[in-house]
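Notes follow once the structure below has been shown.
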Amino acid sequence: MEAQYLREDASRIATAADRQATTRHECGSALRYQLASYSFLLPWLIGFFALTLGPALSSLYLSFTDYDLVDTPYWIGIGNYARIASDDPRFLKAMQVTFTFVVLSVPLKLTFALAIAITLNKGLRGLTFFRAVFYLPSLIGASVAIAVLWRQIFAGDGLLNKLLASVFGYEGPSWISTPGTALYTIVLLAVWQFGSPMIIFLAGLRQIPQDMYEAASIDGAGARRQFLKITLPLLTPVIFFNAVIQTIDAFKAFTSAFVISNGSGGPIDSTLFYTLYLYQEAFVNFRIGYASALAWVLVVIICIFTALSFLSARFWVHYDD
Amino acid sequence: MISRRHLIQQAMALGAGALASQIPFMSAKAADAALRLYWWGSPDRSKRTLDVAKLFEQSHPGVTATGEAVGGDYWTKLATMLVGRNLPDIIQFEPTTLPDYYRRGAMLPLDSYLGSTIKTERFGPGVLDLARVDGKVAGIALGINSFSVIYDTEAFSKAGLTPPSAKTTWKEFADLSVELTKAMGKERVWASPNASRYNSVFDVWLHQRGKGLYTEDGQLGFNVDDAKEWYDYWETLRQRGGCVAPDVQSLDQSQIDTNPLARGNSAMSFAYSNQLIGYQSVLKQKLGITNYPVTKTDGPSGLYYRPALIWSIGKTSKSPDAAAAFIDFFVNDPEAGKVLSVERGVPVNLDIRGVVGALVDEVPRMTIDYVNAIANRVGPYPPPAPKGATEFDQMVMRPVADQLSFGQISVTQAAERLISEGKRVIRS
Numbered sequence: 001m002e003a004q005y006l007r008e009d010a011s012r013i014a015t016a017a018d019r020q021a022t023t024r025h026e027c028g029s030a031l032r033y034q035l036a037s038y039s040f041l042l043p044w045l046i047g048f049f050a051l052t053l054g055p056a057l058s059s060l061y062l063s064f065t066d067y068d069l070v071d072t073p074y075w076i077g078i079g080n081y082a083r084i085a086s087d088d089p090r091f092l093k094a095m096q097v098t099f100t101f102v103v104l105s106v107p108l109k110l111t112f113a114l115a116i117a118i119t120l121n122k123g124l125r126g127l128t129f130f131r132a133v134f135y136l137p138s139l140i141g142a143s144v145a146i147a148v149l150w151r152q153i154f155a156g157d158g159l160l161n162k163l164l165a166s167v168f169g170y171e172g173p174s175w176i177s178t179p180g181t182a183l184y185t186i187v188l189l190a191v192w193q194f195g196s197p198m199i200i201f202l203a204g205l206r207q208i209p210q211d212m213y214e215a216a217s218i219d220g221a222g223a224r225r226q227f228l229k230i231t232l233p234l235l236t237p238v239i240f241f242n243a244v245i246q247t248i249d250a251f252k253a254f255t256s257a258f259v260i261s262n263g264s265g266g267p268i269d270s271t272l273f274y275t276l277y278l279y280q281e282a283f284v285n286f287r288i289g290y291a292s293a294l295a296w297v298l299v300v301i302i303c304i305f306t307a308l309s310f311l312s313a314r315f316w317v318h319y320d321d
Numbered sequence: 001m002i003s004r005r006h007l008i009q010q011a012m013a014l015g016a017g018a019l020a021s022q023i024p025f026m027s028a029k030a031a032d033a034a035l036r037l038y039w040w041g042s043p044d045r046s047k048r049t050l051d052v053a054k055l056f057e058q059s060h061p062g063v064t065a066t067g068e069a070v071g072g073d074y075w076t077k078l079a080t081m082l083v084g085r086n087l088p089d090i091i092q093f094e095p096t097t098l099p100d101y102y103r104r105g106a107m108l109p110l111d112s113y114l115g116s117t118i119k120t121e122r123f124g125p126g127v128l129d130l131a132r133v134d135g136k137v138a139g140i141a142l143g144i145n146s147f148s149v150i151y152d153t154e155a156f157s158k159a160g161l162t163p164p165s166a167k168t169t170w171k172e173f174a175d176l177s178v179e180l181t182k183a184m185g186k187e188r189v190w191a192s193p194n195a196s197r198y199n200s201v202f203d204v205w206l207h208q209r210g211k212g213l214y215t216e217d218g219q220l221g222f223n224v225d226d227a228k229e230w231y232d233y234w235e236t237l238r239q240r241g242g243c244v245a246p247d248v249q250s251l252d253q254s255q256i257d258t259n260p261l262a263r264g265n266s267a268m269s270f271a272y273s274n275q276l277i278g279y280q281s282v283l284k285q286k287l288g289i290t291n292y293p294v295t296k297t298d299g300p301s302g303l304y305y306r307p308a309l310i311w312s313i314g315k316t317s318k319s320p321d322a323a324a325a326f327i328d329f330f331v332n333d334p335e336a337g338k339v340l341s342v343e344r345g346v347p348v349n350l351d352i353r354g355v356v357g358a359l360v361d362e363v364p365r366m367t368i369d370y371v372n373a374i375a376n377r378v379g380p381y382p383p384p385a386p387k388g389a390t391e392f393d394q395m396v397m398r399p400v401a402d403q404l405s406f407g408q409i410s411v412t413q414a415a416e417r418l419i420s421e422g423k424r425v426i427r428s
């Protein structure tokens, strides 16, 4: 994302330079300015073409083949896509798991992040300290170590059950290996990583002019009313941004499910995230062609969701202008 | 002042210097052989393997043998190296995966080394057949093992019960499991694992009925009634409380450290005989070993000797001769044999088996005794596993058994699903 901003900045500079160059009627220097801007972009460009666009295009090609990592890929047309659409129960299961995860984790995470941001925005002493502490899980949360920790907490002889046993005398099951609860432990792990939307919310809250609250309280609006009529509407662009980013992230979730289920997506596929299924097809069953097709289906799903969010934004996101 | 040109010159000189200094070193290395080993397993196995590699280097000056154990991503990494034409020289296999790799032309047939570089005259009977694919010797079995029940002797003695033995039937095993679980009387501790998701146990169960997991031509070797009988046995045992709860069993990834016995949730384990040494290294209680239960006291054992693990040589290896010499050293050298003990199975070289058996350590001796004790009851080695066998184990056998034990489907549904999904993934 940063790279994108950089690129935009750079092209803006380049256009400015162009204009300057044309006014001076120096054709050579226009080219030189452009070259300079592109050479600054070079690291990003190389990364984009070699590491993102190249592999993406080759996976698009492979999705129409039966590539198995060893034998030469053989063109099978839309065979892989046809199988996804008509003949793959695990694809449906993976969709169900992933949608459940997105629908639960994104709103919960955003609510949590907003609540913490509002609390922190109350002019708390030691704000920077708390901000850092609450952000910490997001920094380390995507790591394998935290997922391993999670597995220990929710295991049959884990921390949670020891707590339940000593406080309530309740013998809990192994939460991560019971089909009914395994996914929710991962939702919890995702919600716990509320740091980055929280920081963005906090920045958004700071943007809201204080005089609006003053005016409202003079007019007799209570805290609840102020929140509903001032904070929320003015925060909608930030909520929208966070929702889009978190939804995309949730669709791509992989590490936690992979580590907690030991790569199996179990028990009984209850944590079979879309990306985990894709991984299994590609690197356990070596159906690279099929996995590539799955990857492109995911791209389309994410695009549709993002497009829908942007369409809906018209009705609920308020911009200042 | 340093000009840009000056800087570039300097840098180039430095680079060239570094390059030049590498050249004699590189050519010296190229003249000899540098073997790369690739295996999976416990730290204990890694230590033994590297110790043998050191012994080999001492007796073969100029040849180096290095490598490391790879964990969960073993097959992914191997497949990636195969595509990158960067296979290690010496690669560890187990019997299910070797045929697949060999048939893809990734492994070197070893027939031309047999009797010369790799000495085979002291091998036990049939050892070379254990890694034979399409008539060619695709690897060398490093040790043999068989199927076994490993049990906690202290749990049985405390409960005043006799552990299972060679003639225990499945029915007796079930009753014993229920009794032992009651006698132990501990929360979340049961006598037996729920073996309904282990394809090795199902395989032996089928062999006891004159069948097997797969047929000669690579189809499923059992029908829906066999599967029903299998699931019915374990589901009944689970409901009687003789085997572990589903949330314990579904954690099992068929490795020692995820197994209910090793995790303290069961008193017995269905394991390969060479794993006794691994289990004993993580458990304090004294362990015992016996064969799987049988259908009738005098019925067939269903057991067969299988290669515990296999070394094969990558086809792209630059020094196949040195690699073959390493495999020979690994299986035929007495000092190497002492280091390896029975951790990769009972030695295939009968002399080495004697050397290891004469050592005082009790666990290796028990392992060898067990493998020798079943000698006149083992059947022939089954045909190589068909393509998709691994997927059948991980993505069909385990989930279907879990669905049954979590109560999502019935015994009949489980049996039908095992057949229909099995046919889907097994491609002969």
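Chains as they are written, first to last, in the UniProt record's numbering: chain C, 1 to 321; chain Y, 1 to 428. Ideal Cβ placement from N, Cα and C applies to all residues, glycine included.
query                                                                                                                                                                                    : result
With 16 other CB atoms within 10 Å as the buried threshold, where does D71 of chain C fall?                                                                                              : exposed
Let's test the definition: count the other Cβ atoms within 10 Å of the Cβ of K122 of chain C and tell me whether it reaches 16, buried, or not, exposed.                                 : exposed
Closer than 9 Å between beta carbons: that is the criterion. Which residues of the stretch 72–84 of chain C meet it against chain Y?                                                     : none
Could you say which of C:N80, C:F40, C:A307 and C:L42 lies nearest to S59 of chain C if we only look at CA atoms?                                                                        : C:N80
Using CA atoms only, rank isn't needed, just tell me which of Y:V149, Y:E57, Y:S317 and Y:K182 is closest to D89 of chain Y.                                                             : Y:S317
Using DSSP with H/G/I as helix, E/B as strand and the rest coil, what is E171 of chain C?                                                                                                : coil
With H, G and I counted as helix, E and B as strand and the rest as coil, what does DSSP make of K109 of chain C?                                                                        : helix
For the alpha helix (DSSP H) holding E416 of chain Y, just list the boundary residues, first then last.                                                                                  : V411 to V425
Hey, S63 of chain C and G222 of chain C: beta-carbon distance below 8 Å or not?                                                                                                          : no
Excluding the five sequence neighbours on either side, which residues of its own chain have a C-beta within less than 8 Å of the C-beta of G45 of chain C, listed in chain order?        : Per the sequence presented here, residue 45 of chain C reads as Leu, with Gly not at that position. Cβ within range, chain order: Y38.
Strictly under 8 Å for the Cβ-Cβ distance: is E187 of chain Y near chain C by that measure?                                                                                              : yes
Just verifying my parser: in three-state terms, what is the DSSP assignment at W40 of chain Y?                                                                                           : coil
Compute the beta-carbon to beta-carbon distance between L87 of chain Y and G314 of chain Y, rounded to the nearest angstrom, for a pair I have assumed lies under 8 Å.                   : 3 Å
Rounded to whole angstroms, what's the CA-CA distance from I23 of chain Y to G41 of chain Y? Just pull it up for me.                                                                     : Summary for I23 of chain Y: the model assigns pLDDT 42, below 50, so the residue's position carries little reliability, and this model does not support an answer.
Using C-beta distances below 6 Å, list every residue in its chain close to residue 435 of chain Y, excluding the 5 sequence neighbours before and after it, in chain order.              : The question about residue 435 of chain Y has no answer here: the residues shown for chain Y are numbered 1 through 428.
Please determine, among Y:V425, Y:A373, Y:G379 and Y:A415, the residue with the shortest C-alpha to C-alpha distance to E391 of chain Y.                                                 : Y:V425
With a threshold of 8 Å between beta carbons, is P55 of chain C in contact with chain Y?                                                                                                 : no
Would you say G158 of chain C lies against chain Y (beta-carbon separation less than 8 Å)?                                                                                               : no
Looking at the unbroken beta strand (DSSP E) that takes in D152 of chain Y, where does it start and where does it end?                                                                   : F147 to D152
When we look at the beta-carbon of F49 of chain C and count the other beta-carbons within 10 Å, is it buried (16 or more) or exposed?                                                    : exposed
Let me check one thing: in DSSP terms, what residues is I230 of chain C bridge-paired to?                                                                                                : Paired residues: none, contrary to the question.
So, S266 of chain Y versus P193 of chain Y, is the Cβ gap smaller than 8 Å?                                                                                                              : yes
Where does S165 of chain Y fall in DSSP's three states?                                                                                                                                  : coil
Contact criterion: CB-CB distance below 8 Å. Does I8 of chain Y meet it with respect to chain C?                                                                                         : Low confidence applies to I8 of chain Y: its pLDDT is 47, below 50, so where it sits in the model is not reliable enough to give any reading.
Please report the Cβ distance between P69 of chain Y and E57 of chain Y, rounded to the nearest whole angstrom; I am assuming they are in contact, meaning their Cβ atoms lie under 8 Å. : A quick correction: the sequence has Ala, not Pro, at residue 69 of chain Y. So it is not a contact: roughly 18 Å between Cβ atoms.
If you measure from the beta carbon of E391 of chain Y to each beta carbon in chain C, is any gap under 8 Å?                                                                             : yes
Looking at the structure shown, is Q408 of chain Y part of a helix, part of a strand, or coil, going by DSSP?                                                                            : coil
Within 10 angstroms of the Cβ of I140 of chain C, are there 16 or more other Cβ atoms? Answer buried if so, exposed if not.                                                              : exposed
For M95 of chain C, which residues from the same chain have a beta carbon less than 8 Å from its beta carbon, with the 5 sequence-adjacent residues on both sides left out?              : Y274
Spatial neighbours of F154 of chain C within its chain, please: CB distance less than 7 Å, with the 5 preceding and 5 following residues excluded, ordered by chain position.            : L160, W175, I176 and T185
Mind reading off the beta-carbon distance from A313 of chain C to F240 of chain C? Whole number of angstroms is fine, and I expect it under 8 Å.                                         : 5 Å
Express the C-alpha separation of R287 of chain C and Y214 of chain Y in angstroms, rounding to a whole number.                                                                          : 23 Å
Spell out the partners DSSP gives S269 of chain Y in its beta bridges.                                                                                                                   : Y:I150
Do you know whose CA, among C:M198, C:V187 and C:Q207, lies nearest I260 of chain C's CA?                                                                                                : C:V187
Per DSSP, what kind of secondary structure is Y279 of chain C in: helix, strand or coil?                                                                                                 : helix
Check this for me: beta carbons of L272 of chain C and R125 of chain C, under 8 Å apart or not?                                                                                          : no
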